[in-house]
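Be aware that the sequence shown starts at 70, since it is given in our numbering, and climbs by one per residue.
Note that beta-carbon positions come from the ideal geometry of N, C-alpha and C, so glycine has one too.
Taking it in order: structure first as structure tokens, then the write-up.
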Amino acid sequence: VAFTCLHTFFARAMCLHSLEIDLQDSVTRDAATLESVPDLVKAMYVNIESFPCVRLLNLSGEIGCSNPGHGLVIAPIVRFKNSDDQLAQPSAVLLPLDQMPAFFLRVSNDPELYHKVAGVLVESNGDKLLELSPDRKFPQEDFAPYSNVSHDWNPSGSGIMWNRYDFPVFLLSEESTQTLRKIADKNEKSSNGYQANVAEFDLVMQTTKAETNGSESCLKEQSCLPLGGQSVWASLPPMSNASAEHQKPIIMVVASQDSASFFRDRSLGADSPISGLIALLTAVDALSHLHDLGKLKKQLVFAAFDGEAWGYLGSRKFLQELDEGDDSVNGINSSMIEQNTSTSGVVLEDFDSQFSNRFYHSHLDSPANINSSSIAAAAALVARSLYILATGDMTVDLMTLNTIKVNVTLVEELIGCLLTCDPGLSCGIAKSFISPSNACPSHYVGVFQDSPSSTQFPSYADDTSRFIWNFLADRTSTLASNVSSCTVKCNNESEVCVGGEVEGGGRCVVSTTRYVPAYSTRLKFEDNAWHVLPANSSDPMGAADPVWTESYWNTISLRVYAVQSTTSDRLILLAGLAVTAASYLGVVVGRAYISKITKRD
């Protein structure tokens, strides 16, 4: 190999990179098996399974992570044992998860260290952690209904997810964590400086390239998209005529369907808020088995709001659509939901003065953080309370009340569907409704890509929203007079198509189930572009709206490989030049000798 590298000077990089093969058993292979360029590339580089922190913007600036410039970031991998370690040169830091809050707080206050951090690789193992929350101690304080925001609702909060980092940050999978530890240890043990193993980060954000450092400028230059998604609401029973004013008072039951974390695609939010969403869906299922719900004095409406983790996008947009009488809330009149402080309401939580969830808005808020029995108990409480409230001044039918039972098996199935990769959204109940784009669920709100005009048939509704829509449409429905199959929509305006995505098509049922767009109330889509509207002085929540957006990007990747030191590169260069010069001299001398022999003959 050394001989080949020396005499194939211009291909030396490939030869050097191939030295990295012996670092990992998973990529060890015989050179004789390399039959194509792709095989060679696979041998040279190790692609690392990981989850990025990305760049988000608001009207005031930026948060999150990005490469500092327009190109790749390449740096040697250095393992930090604790957050007080020092860096001798720009490096890719392999960081233990328990050191993450302290490290990022230190980086934000230490300019010298900040400029030596080329990138951060966060280890995944957090089984022994007792708490980790990158959110603030008072989440979304700008929307608090009171002026004193000094209370620590989230005592575990470090606030590190709200800072801007001009270097790439990735969360490693468990397997990748082991791989990177071996590589970092090899770098540490290497004393001759001949070879180093480096990480190559591709986390170039379009807003960095376009130099747009706020939501208004990036939307204007079209280097970003607004955060948003699709909320869902449904009535039980269906409203007889969704276009006519309905006289019954409404009882609304709402839950959030999105979460947040430091790492974009690791936003499970098991305890906050998906446990509440599962309780809502289970309560709907329990009530759906009752007969004569139409005889109750009050109308039940269930809503799952998207974008709540980013300025209450879903609930605020729902109220705006209600005020404007848009089609997405057709069937609900704003007068039914009194907009005054005397409107009664109940918040069902598992804490009093502080969050009990020590992993709030962290990727560690996983199924291990919740209890299915508690969710089932909450669902039973909600379902029975709703029945009592909906009877109004009627006498409560105790026999009917006692028949309201929650399906504990459904709770466990929904946990598997919405909070795990196995089965994930490939679970039986989800596959009966939708064709998921990804089995592993993530409850990050995403970006709003659809035109707001196509509300009821959104082409970009994510897997979670589509599942919730189909589940609610199914559980709150009555059978259509003429059962018919469908793929998108039904002929009768009072009917919707449930399970239209699955093979063989869906079925038309009578249901009042609607999508409602969830994005900032200060945004308007006009002339195929998003525009920021001035703040409305009569809407204090709108004035506090940061207008969150997410940067475009081309590709995101992380890989590692081996390189030689600069000294070695120079030696090879000199050796290559020497071989080239010697070869040229040999050719000249050879020609002269042959010419001389020829003349003698």
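Assignment of beta-bridge partners to Trp622 by DSSP yields Met274. With at least 16 other beta carbons inside 10 angstroms of its own, Asn438 counts as buried.
Cβ-Cβ distances below 8 Å link Met463 to Leu365 and Lys366 in the same chain, with the five nearest sequence neighbours on each side left out; the list follows chain order. Val398 is not a Cβ neighbour of Phe371, given a cutoff of 8 Å.
By the criterion of a C-beta distance shorter than 7 Å, Trp302 is surrounded in its chain by Val370, Phe371, Ala372, Arg583 and Val585, once the five residues flanking it on both sides are discounted. In the DSSP assignment, Met308 forms no beta bridge with any residue.
In this structure, the CA atom of Val147 is about 15 Å from the CA atom of Met169. Between Val191 and Leu156, the C-beta spacing is not below 8 Å. Listed in chain order, the alpha helix (DSSP H) runs fully inside the segment 430-509 are 441-459, 467-471, 477-488 and 497-500, counting runs of at least 4 residues. The DSSP assignment places complete beta strand (DSSP E) segments of no fewer than 3 residues inside the segment 539-581 at 564-567 and 575-579, in order along the chain.
Between the C-alpha atoms of Asp108 and Cys490 there is a straight-line separation of about 30 Å. If you draw a straight line from the Cα of Met274 to the Cα of Tyr621, it is about 6 Å long. At a Cβ-Cβ threshold of 8 Å, Phe120 and Pro203 do not count as neighbours.
Membership of Ser292 in any alpha helix (DSSP H) is not indicated, and neither H nor E is assigned to it by DSSP.
Rounded to whole angstroms, the gap between the alpha carbons of Cys293 and Arg124 is 10 Å. Taking every protein chain shown into account, the CB of Phe517 has 16 or more other CB atoms within 10 angstroms, so this residue is buried.
Minimum Cα-Cα distance from Ala268 among the listed residues Leu494, Ser534, Met113 and Arg535 corresponds to Met113. Here the alpha carbon of Phe536 sits roughly 23 Å from the alpha carbon of Gln368. Selection Ile319, Glu280, Trp538 and Phe428 evaluated against Leu199 yields Phe428 as nearest (Cα-Cα).
With respect to the C-alpha of Glu377, the residue from Ala644, Val616 and Glu118 having the closest C-alpha is Val616. Between the alpha carbons of Phe387 and Ser607 lies a gap of roughly 17 Å. The continuous stretches of alpha helix (DSSP H) do not include Pro121, which lies in the beta strand (DSSP E) extending over residues Ser119 to Pro121. Assignment of beta-bridge partners to Val601 by DSSP yields Leu592. By the criterion of a C-beta distance shorter than 6 Å, Val189 is surrounded in its chain by Val162, Leu164 and Val238, once the five residues flanking it on both sides are discounted. The beta-carbon distance between Leu455 and Leu337, rounded to whole angstroms, is 28 Å. This is too long to meet the 8 Å contact definition. Bridge partners of Tyr183 according to DSSP: none are assigned. Between Pro224 and Lys206 a beta carbon distance of about 6 Å is seen, short of the 8 Å cut, so the two are scored as contacting. Pairwise C-beta distances place the segment 476-487 in contact with the segment 442-453, as three or more of them are shorter than 8 Å. A check of alpha carbon separations from Lys593 across Gly461, Ile347 and Glu390 identifies Glu390 as the nearest.
With distances taken between CA atoms, Pro436 lies nearest to Val480 out of Gly414, Val465, Asp396 and Val480. Using a Cβ distance threshold of 8 Å, Asp375 and Val514 count as a contacting pair. For Asn266 and Val322, the gap between their C-alpha atoms comes out near 54 Å. Excluding residues up to 5 positions away in sequence, Cys122, Val123, Arg124 and Leu125 lie with their Cβ nearer than 6 Å to the Cβ of Gly133 in the same chain. The beta carbon of Ala339 sits closer than 6 Å to those of Asp434, Ser435, Pro436, Asn438, Ile439 and Leu488, all from its chain and outside the five residues before and after it, given in chain order. Counting only residues of its own chain and dropping the five nearest sequence neighbours on each side, Ser553 has a CB closer than 6 Å to the CB of Cys577. DSSP places Phe387 within a helical segment (H, G or I) once states are collapsed to three.
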